[in-house]
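In my numbering, the protein residues as written are 984 to 1384.
A virtual CB, placed ideally from N, CA and C, is assigned to each residue, including glycine.
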């Protein structure tokens, strides 16, 4: 499935653009109004952005499949070690890599229906019925291997079955391994969605709250992002330390603030937050480190909710920080607890501490919250990048990072 965005002054014009480029089979998946920000809004009208998709079997995609992004790059070549732009693109769909991954999976897994050798297929092709049956078996073998690989990478069976069901609905008698893999690869990317990361807005102070359980690496993640915003984007950045419960938490953030030469304000209660907002109104962005709280303790969650709600909704963003190494059942409870009072984006830490990344896909499917960043180590300002759906999809299907 090919996904593209089209922007125009009106919705009708954007739809026309989509149909003109992708054809009559285009499917509109999202429509949003884009309002100019800052001084530009005085001179420019709002526009409409349409997200459109088209199936791989259409004439357009047969002729022109666009290049796809490579795996997550944890260094962007400028010494920052932080990806502030979309990573470089592959020249083509990584089919050979994924085929190798599936073949390895077949050797390691329980027996499945084995595709017949070419000579046997030629002999059986004496009748049309035999040929179709043989092709069906080959397609079924591929689908089973894909399912096994997804589950082996800790994708929940519910979501793996959803993917397979969608593939089976469009599976044709002559579908080969390459088309099946390409189809599910594109569907994975579509379900993972476009990552949403921080950006600076002219004339507006943005307050960004980092929430989540203890021990997931919120403070270190904040330092990495602050480094990118300050050094990479040249933003005017400040840090607020609202984690006054954990021993040494404020000291840790103060060290990072000193290195980056940005101010740090300690917040003890929501009243401090209101006062601090007046003092920091000239800053582009304020990153707020909240205390790691147990998702089981409602009183502690209420404290964070009160702190967040001191900032007007249009000025705040919330990022739920989760460890990719946490058990899925625990992640379900954590995300449910924070969903009660916050609309959040997702940050996954500790990718270097797990061999499987299925939880990234699981939690995206469960919450439908936008993905944002991923970290794979403790080094500041390195070891962080914008989550790359193409990389995640490749790894889930057995391809290399």
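- Query: What is the rounded straight-line gap between the Cα of residue 1363 and the Cα of residue 997?
  - Reply: For the purposes of this step, residue 1363 is identified with residue 380 of the chain shown, where counting begins at 1. For the purposes of this step, residue 997 is identified with residue 14 of the chain shown, where counting begins at 1. Cα-Cα distance, rounded: 42 Å.
- Query: With C-beta atoms as the reference, is residue 1253 less than 8 Å away from residue 1310?
  - Reply: Locating residue 1253 in the chain shown gives position 270, counting from the first residue. Locating residue 1310 in the chain shown gives position 327, counting from the first residue. For residue 1253 and residue 1310, no; Cβs fall outside 8 Å.
- Item | Alpha carbon of residue 1225 to alpha carbon of residue 1162, nearest angstrom | Residue 1225 sits at position 242 when you count from the first residue of the chain shown. Residue 1162 sits at position 179 when you count from the first residue of the chain shown. For the pair residue 1225 and residue 1162, the Cα-to-Cα distance works out to about 51 Å.
- Touch test, the region 1354 to 1361 against the region 1189 to 1204, Cβ-Cβ under 8 Å, three pairs minimum: yes
- Query: Between residue 1325 and the rest of its own chain, which residues show a CB-CB distance below 6 Å, the 5 nearest in sequence each way excluded?
  - Reply: Residue numbering aside, residue 1325 sits at position 342 when the chain shown is read from its first letter. Excluding sequence positions up to five before and after residue 1325, its CB lies within less than 6 Å of the CB of 1301, all in the same chain and listed in chain order.
- Message: Tell me the DSSP secondary structure of residue 1356 in three-state form.
- Response: Walking along the chain shown from the start, residue 1356 turns up at place 373. Three-state DSSP puts residue 1356 in a strand.
- What number of angstroms, rounded off, separates the C-alpha of residue 1031 from the C-alpha of residue 1183? Working through the chain shown from its first residue, we reach residue 1031 at position 48. Working through the chain shown from its first residue, we reach residue 1183 at position 200. A straight-line Cα-Cα distance of about 21 Å links residue 1031 and residue 1183.
- Query: What are the boundary residues of the beta strand (DSSP E) that includes residue 1370?
  - Reply: Here residue 1370 refers to the residue found at position 387 of the chain shown. Note, residue 1370: premise wrong, no beta strand (DSSP E); not H, not E.
- Task: Compute the distance between the beta-carbons of residue 1272 and residue 1331, then report whether it is under 8 Å.
- Result: Your numbering for residue 1272 matches position 289 in the chain shown. Your numbering for residue 1331 matches position 348 in the chain shown. Contact flag unset, no.
- Please list, in chain order, all residues of the same chain as residue 1136 whose beta carbon is under 6 Å from its beta carbon, the five residues on each side excluded. Mapped onto the chain shown, residue 1136 falls at position 153. So the list reads 1339, 1341, 1379, once near-sequence residues are dropped.
- Can you grab the Cα-Cα spacing for the pair residue 1130 / residue 1177, in whole Å? The residue labelled residue 1130 in the question sits at position 147 within the chain shown. The residue labelled residue 1177 in the question sits at position 194 within the chain shown. Between residue 1130 and residue 1177, the C-alpha separation is close to 24 Å.
- Validate contact between the region 1207 to 1220 and the region 1234 to 1244 using beta carbons, cut 8 Å, 3 pairs: yes
- Item | Beta bridge counterpart(s) of residue 1032 as assigned by DSSP | Counted from its first residue, the chain shown places residue 1032 at position 49. In DSSP, residue 1032 forms a bridge with 990, 1015.
- Please determine, among 1370, 1329, 1175, 1033, the residue with the shortest C-alpha to C-alpha distance to residue 1194. Position 211 of the chain shown, counting from 1, holds the residue named residue 1194. Closest by alpha carbon: 1329.
- Task: Compare the Cα-Cα distances from residue 1236 to each of 1265, 1200, 1335, 1259 and report the closest residue.
- Result: As a first step, residue 1236 is located in the chain shown; it is residue number 253 there, counting from the start. Minimum Cα distance to residue 1236 is reached at 1200.
- Going by Cα to Cα distance, which pick from 1196, 1218, 1034, 1264 is closest to residue 1274? As a working mapping, residue 1274 is identified with position 291 in the chain shown. Checked all of 1196, 1218, 1034, 1264; the closest Cα to residue 1274 is 1196.
- Quick one: what does DSSP say residue 1299 is sitting in, helix, strand or coil? Counting from one through the chain shown, the residue named residue 1299 turns up at place 316. In the structure shown, residue 1299 sits in a strand (DSSP, three-state: E or B).
- Message: Within the continuous alpha helix (DSSP H) that includes residue 1150, where are the two ends?
- Response: Here residue 1150 corresponds to residue number 167 of the chain shown, with the count starting at 1. That run of the alpha helix (DSSP H) goes 1140 to 1153.
- Message: At the level of alpha carbons, what is the spacing between residue 1349 and residue 1007?
- Response: Within the chain shown, the letter at position 366 stands for residue 1349. Within the chain shown, the letter at position 24 stands for residue 1007. Near 32 Å, if we compare the C-alpha coordinates of residue 1007 and residue 1349.
- Residues near residue 1016 in its chain [Cβ-Cβ closer than 7 Å; skip 5 each side]: Along the chain shown, read from residue 1 onward, the residue named residue 1016 stands at position 33. The residues are 1029, 1031.
- Task: Whole angstroms is fine: what's the gap from residue 1001's alpha carbon to residue 1297's?
- Result: On the chain shown, residue 1001 is found 18 positions in, with the first residue counted as 1. On the chain shown, residue 1297 is found 314 positions in, with the first residue counted as 1. Between residue 1001 and residue 1297, the C-alpha separation is close to 31 Å.
- Residue from 1370, 1371, 1344, 1291 with nearest C-alpha to residue 1133: For the purposes of this step, residue 1133 is identified with residue 150 of the chain shown, where counting begins at 1. The shortest C-alpha to C-alpha distance from residue 1133 to any of 1370, 1371, 1344, 1291 is the one to 1344.
- Item | Entirely enclosed beta strand (DSSP E) segments - the region 1321 to 1358, minimum 3 residues | 1328 to 1332, 1354 to 1358
- Item | Burial state of residue 1323 (16 or more Cβ within 10 Å) | In the chain shown, counting from the first residue as 1, residue 1323 sits at position 340. Exposed, since its Cβ has fewer than 16 Cβ neighbours within 10 Å.
- Message: Measuring straight from C-alpha to C-alpha, what distance separates residue 1336 and residue 1187?
- Response: As a position in the chain shown, residue 1336 is number 353, starting the count at 1. As a position in the chain shown, residue 1187 is number 204, starting the count at 1. A direct Cα-to-Cα measurement between residue 1336 and residue 1187 gives close to 37 Å.
- Separation of residue 1292 from residue 1268, as counted between CA atoms: To locate residue 1268, count along the chain shown from 1; it is residue 285. To locate residue 1292, count along the chain shown from 1; it is residue 309. For residue 1268 and residue 1292, the distance between alpha carbons rounds to 17 Å.
- Item | DSSP state of residue 1267 mapped onto helix, strand, coil | Taking the chain shown and counting its residues from 1, one reaches residue 1267 at position 284. Looking at residue 1267 - three-state DSSP - the assignment turns out to be coil, as it is neither helix nor strand.
- Message: If we require 3 or more residues per run, which beta strand (DSSP E) segments fall completely within the region 1180 to 1211?
- Response: 1189 to 1194
- Separation of residue 1220 from residue 1265, as counted between CA atoms: Translated into the one-based positions of the chain shown, residue 1265 becomes position 282. Translated into the one-based positions of the chain shown, residue 1220 becomes position 237. Computed Cα separation, rounded: 10 Å.
- DSSP-derived helix/strand/coil call for residue 1247: Taking the chain shown and counting its residues from 1, the one referred to as residue 1247 is at position 264. Of the three classes helix, strand and coil, the one that applies to residue 1247 here is strand, per DSSP.
- Query: In whole angstroms, what separates the C-alpha of residue 1333 from that of residue 999?
  - Reply: For this step, residue 1333 is matched to residue 350 along the chain shown. For this step, residue 999 is matched to residue 16 along the chain shown. One C-alpha to the other measures close to 44 Å.
- Query: Just curious, the beta strand (DSSP E) that residue 1222 is in, first and last residue?
  - Reply: As a first step, residue 1222 is located in the chain shown; it is residue number 239 there, counting from the start. Looking at the DSSP string, the run of the beta strand (DSSP E) that includes residue 1222 is 1220 to 1224.
- So residue 1354 and residue 1175 are in contact, right, with Cβ under 8 Å, and what is the actual spacing, rounded? In the chain shown, counting from the first residue as 1, residue 1354 sits at position 371. In the chain shown, counting from the first residue as 1, residue 1175 sits at position 192. Between residue 1175 and residue 1354 the Cβ distance is about 6 Å, and since that is below 8 Å, they are a contact.
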